[in-house]
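Student:
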Amino acid sequence: MDMQYVPTICPYCGSGCGMYLVVKDGKIIGIEPWKEHPVNEGTNCPKGRRSYLFLYSEDRLKKPLLRNNGKFEEITWEKALDVVSAALKDTSPESFGILGSGKTTNEASYVLQKFARIVIGTNNVEYCARFCHSATVAGLGPTVGSGVMEISQLDYELADCFVIAGVNIKETFPMIAKRVLRAKKKGAKVIVIDPRKSVTARHLAYIHLQLRPGTDVALINGIMSIIINEGLENREFIESRTAGFSDLRDFLSTIDLKQIEQITGISIEKIREAALTYVNAERGCIQYDEGITQHTTGADNVKVLADLALLTGHIGKPGTGVNPMRGQINGEGSGDMGCVNVFYPGFKRVGQEAAEFFQERWGVENLPINPGLTYMDIVHKCKAIYVVGTNPMMSGPDTNSVRQSLENLDFLVVQDIFMTETAKLADVVLPAATWVEREGVHAWVDRRVQKINKVIDPPGEAKPDWRIICDLAEKMGFKDKFSYASPKDIFEEIRKCVPQYAGLTYERIEETVGGIQWPCPSEDHPGTPTMFVKKFNTPDGLGHFQVVEYRPPAELPDEEYPYVLTTGRSIFHYHTGTMTRRTEALNAEVPSNFVQINPKDAIKLETTNGGWVVLKTRRGSIKAKVRITEDVPQGMVFTPFHFGDSPANVLTNPAFDPKCKMPEFKVCAVRMEVEQ
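Counting in my numbering, the sequence shown runs from 46 upward without gaps.
#1: Below 8 Å on the Cβ atoms is my contact criterion, and I expect S691 with A669 to pass it. Report the Cβ-Cβ distance as a whole number of Å.
#2: Just the C-alpha distance for F456 and N411, rounded to the nearest angstrom, thanks.
#3: Per DSSP, which residues does L487 bridge with? Please list them.
#4: Exposed or buried, which one is M48 when buried takes at least 16 other CB atoms within 10 Å?
#5: My guess is that W38 and P52 are in contact by the Cβ rule of under 8 Å, so how many angstroms apart are they, rounded?
#6: So does the stretch 506 to 525 actually touch the stretch 147 to 158, counting three or more Cβ pairs closer than 8 Å?
#7: Going by DSSP in three states, S637 sits in which element: helix, strand or coil?
#8: For the ligand FMN, is there any heavy atom lying closer than 6 Å to the beta carbon of I308?
#9: Could you tell me which of P685, G680, P83 and L696 sits nearest to I753, measuring between CA atoms?
#10: Skipping 5 residues on each side, what residues in its chain have a beta carbon closer than 6 Å to that of A98?
#11: Please report the distance separating the alpha-carbon of E43 from that of P369.
#12: With a Cβ-Cβ cutoff of 7 Å, do I163 and V409 count as a contact?
#13: Considering only residues of the stretch 324 to 376, which uninterrupted beta strand (DSSP E) runs meet the minimum length of 3 residues and lie entirely inside it, listed in chain order?
#14: What did DSSP end up calling A445 once you bin it into helix, strand or coil?
#15: Tell me the rounded alpha-carbon separation between T623 and T465.
#16: Give, in chain order, every unbroken run of the alpha helix (DSSP H) that is at least 4 residues long and sits entirely within the stretch 132 to 179.
#17: On the CB-based measure, 16 or more other CB atoms within 10 Å of its CB, does K234 come out buried or exposed?
#18: E720: buried (16+ other C-beta within 10 angstroms of its C-beta) or exposed?
#19: With a cut-off of 8 Å on the beta carbons, I'd call Q641 and R672 a contact; round off their distance for me.
#20: Hey, would you say E335 sits closer than 7 Å to C565, going by beta carbons?
#21: Please confirm whether V189 and K215 have their CB atoms less than 7 Å apart.
#22: Whole angstroms is fine: what's the gap from V592's alpha carbon to K348's?
#23: According to the Cβ coordinates, are A263 and I238 closer than 7 Å?
#24: Taking 7 Å as the CB-CB cut-off, is K520 touching chain B?
#25: Ignore the nearest five residues each way along the sequence and tell me which others in D585's own chain have a CB closer than 8 Å to its CB.
#26: According to the neighbour-count rule (16 or more other Cβ atoms, all chains shown, within 10 Å of its Cβ), is N346 buried or exposed?
#27: For S60, tell me which candidate among P219, V447 and A246 has the shortest Cα-Cα distance.
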């Protein structure tokens, strides 16, 4: 058979980069550039260039598995569905929960939440956004009315000032970093807000605001106070498009900049330089990610960033806005599809009105109207859980408590492509198809909807997620509500239920290289690259300023735990490492966990580069290899969260933001002991 060059989209991060897969005899043997794709223009990051290799890992799940006397045995699909359906029929809606994924297709996420609400009758359905951007929804909802990226990533090059807050884009979004670099070469100024001297701070920053972890609110309040004190706020924009400015102005007039300096560890002069750089720009663009959201004040952090954009009028135009950087292939789309405890598809808030809307379209009665449990409450309070494509044993905070709860469940079913840390605890494991082994659409970081087609067959008896869910629904007596013949059938239903997707069709998406950005209300609509051009998504169409006071992190260093720990990512790995750690070329780059330690702390500990230390918090301990670097300040350490044999979240604090139940992954107190 001749070689084929098949266009597809990378399965890593939320950018949505194009590539050609080289296929021979039904097997992918390489990757070639797709130069015409607008997102990445033929270049791919190290993960993207090796993105197909994990598909052929020898430990792919190929058949359903049943735990029997502590060991897994292969069973038929018929028996697997019988066991799962019997267990779920015995559980109540209140004691059952679903944990979905940011890696599954829109079609799979849609039928998954529909399964929860129709078959089980519960809103206990969540996905990984609880751990990355629930604070975005809670922060941008009250301010601008929608927790999504506000512009096209292609338009970043139009900005002449960037505020990059809590996101190391050089490592986590390399193709977006390329656009920021292009803008910088044209004269754009880059302000990086990060406790670490990250690769982004070192190579892109004009100003690096190296604040103490968890002090973002104080810093942004200080910046806004300086802007107002110097009369530089955009008064025309404020008067015509916002509400609540006087309350914010009165509050900021009480700010003591000397106190801001003490809290953040940044000089007033440097804060003022950053304030003037941003406010005097023609198009100021804010980008942020988990370094902002993963705090007990995550929603507040997002609110003050929105305040800053509203104050300066840097919003509603290409190259501006407050832009959350979603890190998964369908991190946006699974939320669009309603895999959230408080939202039905299309962000219709759970309640009587939304229930009636979907009852009419789904032909059912008595859909649940009360908010469901959030992610960690599902883990700790439910008796039966259905996990699809996510790994709470790696991604949840305080891993030891997660393990205890999952081991105490009455029933756990895990649907995935590998025997993950979570799957090892399951009663039943269902083998899923992944990426180019199935068909469907995803919504990427900037609401860009693109389609991925099936290129190869899944291994063994593995099936697409949507098919497994529908088969299970049929087994439980709901065949008529899940009688889809293909993903396209599901998508046609999505178009009728989600107004933002109404104008999208498989044909339109496939014909448009680079996809179409929602909202797209009709088939003759071109899509929406820039949000909020004329009005915001709030009830009155105005942007609403929020008054936010600084609150410190939930856990700070003390004599017993004298260091601050923060976590993050490496360019060579992806989230819980399920795919990248099975890719030899990537794993060889960073084969084991490490901890960055300041040279002065290393001397105090009497440790050296390449040595091993034990990191201990009030919740547990892990081992990590030492990297001595001035990228972290004295008193702070950094470790990535990709390594199942040394999981960072054994250490992290389960304290959460009361507004959105976001755990405080980014700050906790830790001590270090040299491994002898």
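Idealized CB from N, CA, C, for every residue including glycine.
Tutor: The relevant details are as follows:
#1: As a working mapping, residue 691 is identified with position 646 in the sequence shown. As a working mapping, residue 669 is identified with position 624 in the sequence shown. Yes, they are in contact, since the Cβ atoms of S691 and A669 sit about 6 Å apart, within 8 Å.
#2: On the sequence shown, position 411 is the one that residue 456 refers to. On the sequence shown, position 366 is the one that residue 411 refers to. Computed Cα separation, rounded: 26 Å.
#3: Along the sequence shown, one-based indexing puts residue 487 at 442. A small correction: the amino acid at residue 487 is His; Leu does not occupy that position in the sequence shown. Note: H487 sits in a beta bridge opposite Q495.
#4: On the sequence shown, position 3 is the one that residue 48 refers to. Exposed, by the Cβ-count rule.
#5: The structure shown does not extend to residue 38, since the chain is modelled only from 46 through 721, so no value can be given for it.
#6: yes
#7: Position 592 of the sequence shown holds residue 637. Here S637 sits in coil by DSSP.
#8: The ligand FMN is not among the ligands present in this structure, which contains no ligands whatsoever.
#9: The structure shown does not extend to residue 753, since the chain is modelled only from 46 through 721, so no value can be given for it.
#10: If you number the sequence shown from 1, residue 98 lands on position 53. The sequence given here places Leu at residue 98; Ala does not occur at that position. If we look at L98 and ignore the five residues flanking it on each side, its Cβ neighbours are T628.
#11: Because residue 43 is not part of the residues shown, which for the chain are 46 to 721, the question remains open.
#12: Locating residue 163 in the sequence shown gives position 118, where the first residue counts as 1. Locating residue 409 in the sequence shown gives position 364, where the first residue counts as 1. Yes, the pair counts as a contact, with Cβ atoms nearer than the cut-off.
#13: 329 to 333 and 367 to 369
#14: The residue you call residue 445 lines up with position 400 of the sequence shown. Note that residue 445 is Asn in the sequence shown here, rather than Ala. Correct three-state label for N445: helix.
#15: As a first step, residue 623 is located in the sequence shown; it is residue number 578 there, counting from the start. As a first step, residue 465 is located in the sequence shown; it is residue number 420 there, counting from the start. If you take the alpha carbons of T623 and T465, they lie about 7 Å apart.
#16: 151 to 159
#17: If you number the sequence shown from 1, residue 234 lands on position 189. Under this definition K234 is a buried residue.
#18: Against the sequence shown, residue 720 aligns to sequence position 675. Burial call: exposed.
#19: Numbered from its first residue, the sequence shown carries residue 641 at position 596. Numbered from its first residue, the sequence shown carries residue 672 at position 627. 5 Å between Cβ atoms; contact.
#20: Mapped onto the sequence shown, residue 335 falls at position 290. Mapped onto the sequence shown, residue 565 falls at position 520. No. Outside cutoff.
#21: By one-based count along the sequence shown, residue 189 stands at place 144. By one-based count along the sequence shown, residue 215 stands at place 170. In this structure, K215 does not lie closer than 7 Å to V189 by Cβ.
#22: Position 547 of the sequence shown, counted from the first residue, corresponds to residue 592. Position 303 of the sequence shown, counted from the first residue, corresponds to residue 348. Approximately 9 Å, taken between the alpha carbons.
#23: If you number the sequence shown from 1, residue 263 lands on position 218. If you number the sequence shown from 1, residue 238 lands on position 193. Contact flag unset, no.
#24: Absent here is chain B; the protein component of the structure consists of one chain.
#25: Along the sequence shown, read from residue 1 onward, the residue named residue 585 stands at position 540. These residues qualify, in order along the chain: A288.
#26: Here residue 346 is taken as the residue at index 301 of the sequence shown, counted from 1. Buried, since its Cβ has 16 or more Cβ neighbours within 10 Å.
#27: As a working note, residue 60 is residue 15 in the sequence shown. Nearest C-alpha to S60: P219.
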